[in-house]
Structure formats: C-alpha cells, structure tokens
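Residues 8 to 290 (this note's numbering) make up the sequence shown, in order.
Just so you know, even glycine gets a beta-carbon here, dropped at the ideal spot from N, CA and C.
Keep in mind the model is a prediction, meaning the values are calculated, not measured.
Only one structure is covered here, and it is reproduced in the block below.
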Amino acid sequence: MSTLVKIRAMRDSMSNHEQRIADFVLENVEAVRAQSSKALAEQVGVSQSSVVKFSQKLGYKGYSDLKLSLTESVARSAMLPKAIHGDIAADDDLATVAQKLIARKNLALNETVMANSEKVLLQSVEALLSAKRILLFGVGASSLVARDVAYKLMKLGKSVLVENDTHVQVANAATLGQGDVVFAISESGVTQDVIRVAQAATSQGAEVISLTRFARNPLTELATHSLFCVANESEARSSSILARTAQFMITDLLFILISQRDEKANELFDRSRQAVEVLRRDS
8 MSTLVKIRAM RDSMSNHEQR IADFVLENVE AVRAQSSKAL AEQVGVSQSS VVKFSQKLGY
68 KGYSDLKLSL TESVARSAML PKAIHGDIAA DDDLATVAQK LIARKNLALN ETVMANSEKV
128 LLQSVEALLS AKRILLFGVG ASSLVARDVA YKLMKLGKSV LVENDTHVQV ANAATLGQGD
188 VVFAISESGV TQDVIRVAQA ATSQGAEVIS LTRFARNPLT ELATHSLFCV ANESEARSSS
248 ILARTAQFMI TDLLFILISQ RDEKANELFD RSRQAVEVLR RDS
C-alpha cells in the first residue's frame, strides 16, 4: 500500500504530534525524502524519537524505511489520474463541480484498491463463496452498500440475511455458527450497532468480514478478514459520497471475483434475467 495513502488514511487516528508530522510529510514529500529524522523533527517542532515512532506506527522499521517507501509512493502517485486540487466550492460552476467530483472519486477508487492486499481480498471471496449463510449489516449510508451487495449475492443463490433493524440483526447473528459469515460495513469502524452484530456472530463461531476506513478500530479487532476503504472527505463529509464510492468499489470487486469462481453463476444470472423479463411483459 502506498505510504502517502496510508498516512492520509490513518491521520485522523493519530496523536497531535503525529498529525503534525503527517501534515508536514504530505505537504513536503520531496523535501522529506532528503532530510534526516533530526532535521524533520526540528522543522516540525517535535522530538526525533517522535519521528521514529511515527515511522513505526505506519509499519516501518524506522525512518530510513519510511523515506524509501515515500520514493515508491511518489512514483506510484505519478501514474494516478491528476486531480483538481481543493474541495468543491459554493461558487464553482457545473463543469468544475463535475471535474472535481470525478477526480476525487477516481482518487478514492485508486487509493482504496491500493489499501487492500490481494491475500485478504481472496480470503474474503473464499469465505463468502463457502458460507452457508451470510449476514450483511451497515448503518446509515453503509446500509445502502450492505443491501446492494446482499441483492447481488442473492442472484448467485446465496442464503443472505439483510435487515436495517439492529435488534433483528443481533438476533439473526446469534443464530449463526461455524461456516457462516457476517459482512459488517462501517466507515468509522466504531458504530456500536454494527459492533454488537459482529460480537454476537463471533461468540457463536461465525467469521466476520469488516469493511472500514484504514485504521485500527473496534470492528477490525473482531474481524477475521479486514477490508478497507479510503475516502478523504471534507469536514462536511459530502454526505459520505466518497466513502460510499470506496465501499462500492470493494463490494463490487468481491462480487465479480465470486462470480468468476462460481461455476453456476452464468446460469443463475440467466434465470434472474428471464424471471424479470416475464414481469416486464406482464406489465
């Protein structure tokens, strides 16, 4: 995963000192690549040990490894679509709004793909493929994503439970067991309703696939497989537009991968289309 993506994704969960380092690195990547940890610490106004701890929090052995990774990130970022800088302003015309939205969505899609390892994605696919029952749950905007992927999995003949009511979903989760899967979606990873459902499922031996922002959180702690979305929303969060875009990227990717591996997928899709065609003719 790109270091720059990782820093942006983890920034909100960092301490004040770490956020200051993160902001400086993001705004001065080229300069940081040529600086020592001592020089960076002096410029940011923190201790040298804080810089080292910041590097380790990102998963690197030390500051030298962080700098090497930054070089790779710069090269990778150069291959991404160029975004229009800045949030959408109140006085932007329609064309500018459209361009900015497309650029931000493209960035969210690319960074989300880079945030997830192929290993965990394929493990999640296998878990969903072999699951006896699948319970999908999310709250608010995440519930829209959960219901969408539920409908897709139903077309593959999967036994799927999806319900917006938390009490019903906790009760459903309590009936799960080994061989069953909960797909829990929460951008923050701290939504209590979603966590309760995941806890009820894990207590009965079911697996949990989580889809959250890229940060350690209570939901990832419960998950068997942790998937991530990267969405750098503005302070107003734009009605979670970017978060939903990133979440749909992962759920659609999983659905396609599952369809590729399911020998009966095409037959089942044809049945669904034919059934709907009958309804259209009747109407």
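Three-state secondary structure (DSSP) at Ile95?
Here residue 95 is taken as the residue at index 88 of the sequence shown, counted from 1. DSSP places Ile95 in coil when its eight states are reduced to three.
Tell me whether the beta-carbon of Glu214 lies closer than 8 Å to the beta-carbon of Val188.
The residue labelled residue 214 in the question sits at position 207 within the sequence shown. The residue labelled residue 188 in the question sits at position 181 within the sequence shown. It is a contact, given that the beta carbons lie within the stated cut-off.
Using three-state DSSP, classify Glu214 as helix, strand or coil.
Looking up residue 214 in the sequence shown gives position 207. Here Glu214 sits in strand by DSSP.
Measure the alpha-carbon distance for Val169 versus Ile216 and round it to whole angstroms.
As a first step, residue 169 is located in the sequence shown; it is residue number 162 there, counting from the start. As a first step, residue 216 is located in the sequence shown; it is residue number 209 there, counting from the start. Their Cα atoms are separated by approximately 15 Å.
Between Gln50, Glu25, Arg140, which lies nearest to Asn35 when the distance is taken from Cα to Cα?
Taking the first residue of the sequence shown as position 1, residue 35 is located at position 28. Per the Cα distances, Gln50.
If you check the beta carbons only, do Arg220 and Ser247 fall under 8 Å apart?
Mapped onto the sequence shown, residue 220 falls at position 213. Mapped onto the sequence shown, residue 247 falls at position 240. For Arg220 and Ser247, no; Cβs fall outside 8 Å.
Given Leu73, which residues of its chain have a CB within under 6 Å of its CB, disregarding the five upstream and five downstream residues?
Against the sequence shown, residue 73 aligns to sequence position 66. Within the same chain, Leu73 has close Cβ partners Ser62, Tyr67.
Can you name the start and end residues of the beta strand (DSSP E) that Ser124 belongs to?
Walking along the sequence shown from the start, residue 124 turns up at place 117. Unbroken run through Ser124: none, as it is neither H nor E.
Could you tell me the alpha carbon to alpha carbon distance between Asn171 and Ser150, rounded to whole angstroms?
If you number the sequence shown from 1, residue 171 lands on position 164. If you number the sequence shown from 1, residue 150 lands on position 143. Computed Cα separation, rounded: 7 Å.
Should Leu116 be labelled buried (16 or more other beta-carbon atoms within 10 Å of its own) or exposed?
The residue given as residue 116 occupies position 109 in the sequence shown. Its Cβ being crowded by 16 or more others within 10 Å, Leu116 is buried.
Since Leu33 and Leu11 should fall inside the 8 Å C-beta cutoff, what is the C-beta to C-beta distance between them, to a whole number of angstroms?
Looking up residue 33 in the sequence shown gives position 26. Looking up residue 11 in the sequence shown gives position 4. About 7 Å; that satisfies the 8 Å criterion.
Mind checking which residues open and close the alpha helix (DSSP H) that includes Ala346?
Shown here, the chain extends from 8 to 290; a query on residue 346 therefore has no answer.
Residues in its own chain within less than 6 Å of Ile192 by CB, not counting five upstream and five downstream?
Counting from one through the sequence shown, the residue named residue 192 turns up at place 185. Here the set comprises Gly145, Ser149, Val152, Ala153, Leu218.
Taking the beta carbon of Phe276 as the centre, do at least 16 other beta carbons fall within 10 Å, making it buried, or is it exposed?
Position 269 of the sequence shown, counted from the first residue, corresponds to residue 276. It counts as exposed.
If I'm right that Phe262 touches Val156 with Cβ under 8 Å, what's the distance once you round it to whole angstroms?
Translated into positions along the sequence shown, residue 262 becomes position 255. Translated into positions along the sequence shown, residue 156 becomes position 149. Confirmed, about 6 Å.
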